[in-house]
Amino acid sequence: MAAKPQGPVAPKVDASGEFPSGETYTDFAGFRDYLAENREELFARGLIEKLLMYATGREMTPGDFYEIEDILEKVKADHGGLQTMVVEVMTSEIFRSR
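When the letters of the sequence shown are read in order and numbered with the working numbering, they come out as residues -16 to 81.
So, in structure tokens, the structure goes:
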């Protein structure tokens, strides 16, 4: 059996970087771990906003951000569970008044 022909070898991707805080990462796993450890609240806020945008079919306005913060506080009080997040989004004034 003949050997499989080899094509050109693509250059390796440099997945390293530095955050504005000065902390560095060398690969995607390091990037992901940093975000999970240090940006959990930012991620949760973004997810709440995206869930509301999907559920209501509209962009969030500056007036909606107070309620988004209230939802985030309730989710944090319940230790960040996705179930709590979805329930709070679906029972929010933003969703009910769509």
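Note that the Cβ used here is the ideal one computed from N, Cα and C, for glycine as well.
This structure is a prediction, so every number in the text was calculated from the model and none was measured.
Among the options, which has the Cα closest to the Cα of residue i?
i	options	result
E56	D10, S75, S4, G0	S75
G40	E71, N21, A(-14), I77	I77
E71	E42, R28, P45	R28
A19	V(-8), G63, R81	G63
Alpha carbon to alpha carbon, what distance is there between residue j and residue i?
i	j	result
R79	D10	42 Å
P(-12)	F26	45 Å
V58	K(-5)	41 Å
R22	M43	21 Å
G0	G(-10)	29 Å
Ends of the alpha helix (DSSP H) at residue i?
i	result
M73	65 to 73
K59	48 to 60
Determine the burial state of residue i: buried for a count of at least 16 other Cβ atoms within 10 Å of its Cβ, exposed for fewer.
i	result
E6	exposed
_Count Cβ pairs between the segment 50 to 61 and the segment 28 to 41 that sit closer than 8 Å; are there 3 or more?_
yes
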